[in-house]
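**Student:**
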Amino acid sequence: MADILYHYCSIETLELILKNKTFRFSSLGIVDDMEEALTSDFEDIGRICFVSCWTDLAQESVEMWRTYTGGNNGVRIGISTNLFNFDLDENGIPLPSNKIMTENDVCISPPYSPQLIPVTYTKDDDLINPTVGKIDNNICNKCGRKTSDLNLQTNYIGRFKREYWSGQSEWRYILIAIPKEYYRNNERGKYLNGDPEDLTKLMKSDLINMTFDNDYIDFPFNKFALDQIELILSPLNSAEDNKRAEELIKNYTNNATVKPSSLRMRK
159 MADILYHYCS
169 IETLELILKN
179 KTFRFSSLGI
189 VDDMEEALTS
199 DFEDIGRICF
209 VSCWTDLAQE
219 SVEMWRTYTG
229 GNNGVRIGIS
239 TNLFNFDLDE
249 NGIPLPSNKI
259 MTENDVCISP
269 PYSPQLIPVT
279 YTKDDDLINP
289 TVGKIDNNIC
299 NKCGRKTSDL
309 NLQTNYIGRF
319 KREYWSGQSE
329 WRYILIAIPK
339 EYYRNNERGK
349 YLNGDPEDLT
359 KLMKSDLINM
369 TFDNDYIDFP
379 FNKFALDQIE
389 LILSPLNSAE
399 DNKRAEELIK
409 NYTNNATVKP
419 SSLRMRK
């Protein structure tokens with residue numbers, strides 16, 4: 159596993175990161191690879207996966223400077239991978255997570271905080287558009303009662319991309335989050351009365367059609383990480399852009415470093 163990862167962004171985004179002490183996790187429903195949210199059996203249920211995208215490429219990328227900084231001004235943030243290590247509450251949940259779930263009206267899946275994974279690049283369509291639903295229909299041998307269970311298997315969501323994207327050498331912090339409305343439906347008994355198979359189909363339909371208040375989650379990182387930042391200024395920056403980025407680092411960090419790009423590029 160890489161010790162340091164890199165994140166390209168605009169200077170405006172850098173300011174928000176430093177000011178709010180959060181990184182934005184975007185739903186797979188809005189990332190640049192339009193296949194990522196799709197599955198073979200649950201349509202675009204991959205929307206429940208929220209990602210913050212990084213690379214382990216220490217060498218600067220011309221493509222990323224142009225694509226992920228807005229093409230006008232930007233920076234590359236280098237930082238250690240222990241961004242989201244937090245103390246746990248009495249229920250074993252990382253301290254910021256309950257607040258995040260309340261603010262976004264979602265339930266985050268265990269371990270309730272961002273998990274770091276490498277993206278795997280593949281030609282396998284079964285991995286690109288995985289099967290995620292597992293439905294078990296059973297009949298009790300003694301009483302003849304029917305039961306139907308729906309399990310959503312999220313292990314493969316957000317982990318695979320086609321080989322076309324391999325030049326990004328991407329790593330991701332991921333969150334799996336489901337709107338609380340789905341769980342409120344369950345508490346109200348929406349999925350209790352009726353034929354088990356029909357109820358399972360209803361659960362599936364509700365999951366597919368659910369909506370989020372936002373297509374992103376802003377998750378806080380450990381404050382000590384601010385002083386570990388290694389910032390590179392975009393070769394597309396003006397002198398004014400560089401001054402602004404340097405002032406942000408000076409105002410919000412103590413020991414972060416700022417360096418010019420080793421590239422020379424035209425806008």
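So the sequence shown is numbered by the numbering used here: it starts at 159 and just counts up by one. C-beta: ideal position from N, C-alpha, C; glycine also.
Alpha carbon to alpha carbon, how far is N313 from K304? Give it in angstroms, no decimals.
**Tutor:** By 1-based counting over the sequence shown, the position of residue 304 is 146. By 1-based counting over the sequence shown, the position of residue 313 is 155. Distance between the alpha carbons of K304 and N313: 28 Å.
**Student:** Just to confirm the assignment, what range does the beta strand (DSSP E) spanning E375 have?
**Tutor:** To locate residue 375, count along the sequence shown from 1; it is residue 217. Note on identity: in this sequence residue 375 is Ile, with Glu being the wrong assignment. Looking at the DSSP string, the run of the beta strand (DSSP E) that includes I375 is Y374 to P378.
**Student:** Distance check for D356 and E405, CA to CA, integer angstroms please.
**Tutor:** Taking the first residue of the sequence shown as position 1, residue 405 is located at position 247. Taking the first residue of the sequence shown as position 1, residue 356 is located at position 198. Distance between the alpha carbons of E405 and D356: 60 Å.
**Student:** Just to confirm, are T358 and I293 a CB contact at a threshold of 7 Å?
**Tutor:** What you label residue 358 is simply residue 200 of the sequence shown in a count that begins at 1. What you label residue 293 is simply residue 135 of the sequence shown in a count that begins at 1. Cβ distance < 7 Å, so T358 and I293 count as in contact.
**Student:** Can you tell which of P269, L215, N287 and N309 has the C-alpha that lies nearest to the C-alpha of D161?
**Tutor:** Your numbering for residue 161 matches position 3 in the sequence shown. When only C-alpha atoms are compared, the closest one is L215.
**Student:** Taking its Cβ as the centre, do 16 or more other Cβ atoms sit within 10 Å of E175, making it buried, or is it exposed?
**Tutor:** As a first step, residue 175 is located in the sequence shown; it is residue number 17 there, counting from the start. Inspection of the sequence shows that residue 175 is occupied by Ile rather than by Glu. Buried, by the Cβ-count rule.
**Student:** How far does the alpha helix (DSSP H) with N313 in it reach, from first residue to last?
**Tutor:** One-based indexing of the sequence shown puts residue 313 at position 155. From DSSP, N313 is part of no alpha helix (DSSP H); its letter is neither H nor E.
**Student:** For the beta strand (DSSP E) holding I334, just list the boundary residues, first then last.
**Tutor:** Here residue 334 is taken as the residue at index 176 of the sequence shown, counted from 1. E328 to P337 is the span of the beta strand (DSSP E), which, as asked, contains I334.
**Student:** Among L389, M368 and N395, which one has its Cα closest to the Cα of F200?
**Tutor:** Looking up residue 200 in the sequence shown gives position 42. Of the listed residues, the one whose Cα sits closest to F200 is M368.
**Student:** State the start and end residues of the unbroken alpha helix (DSSP H) segment that holds R402.
**Tutor:** Your numbering for residue 402 matches position 244 in the sequence shown. Where R402 is concerned, the enclosing alpha helix (DSSP H) stretches over A397 to Y410.
**Student:** State the Cα-Cα distance for the pair S185 and I375, rounded to the nearest angstrom.
**Tutor:** Position 27 of the sequence shown, counted from the start, is the residue given in the question as residue 185. Position 217 of the sequence shown, counted from the start, is the residue given in the question as residue 375. Computed Cα separation, rounded: 8 Å.
**Student:** Would a C-beta distance cut-off of 7 Å place P378 and P254 closer than the cut-off?
**Tutor:** Counting from 1 along the sequence shown, the entry for residue 378 is found at position 220. Counting from 1 along the sequence shown, the entry for residue 254 is found at position 96. Cβ distance < 7 Å, so P378 and P254 count as in contact.
**Student:** According to the Cβ coordinates, are Y164 and R234 closer than 7 Å?
**Tutor:** As a position in the sequence shown, residue 164 is number 6, starting the count at 1. As a position in the sequence shown, residue 234 is number 76, starting the count at 1. Result yes, Cβ atoms of Y164 and R234 sit closer than 7 Å.
**Student:** Quick one: give me the first and last residue of the beta strand (DSSP E) that N262 is part of.
**Tutor:** If you number the sequence shown from 1, residue 262 lands on position 104. N262 -> not in any beta strand (DSSP E); alpha helix (DSSP H) instead, spanning S255 to N262.
**Student:** Do you know whose CA, among L421, K362, V209 and Q386, lies nearest N343's CA?
**Tutor:** As a first step, residue 343 is located in the sequence shown; it is residue number 185 there, counting from the start. Out of L421, K362, V209 and Q386, K362 has the C-alpha closest to the C-alpha of N343.
**Student:** Looking only at its chain, what residues have a beta carbon closer than 8 Å to the beta carbon of N380, apart from the 5 residues adjacent to it on each side?
**Tutor:** Your numbering for residue 380 matches position 222 in the sequence shown. Same-chain partners within the cutoff: N240, L241, F242, N243 and F244.
**Student:** Going residue by residue through the stretch 200-279, where are the continuous beta strand (DSSP E) segments of at least 3 residues, counting only ones entirely within it?
**Tutor:** Here the runs fully enclosed are 207-213, 233-238, 264-266 and 273-276.
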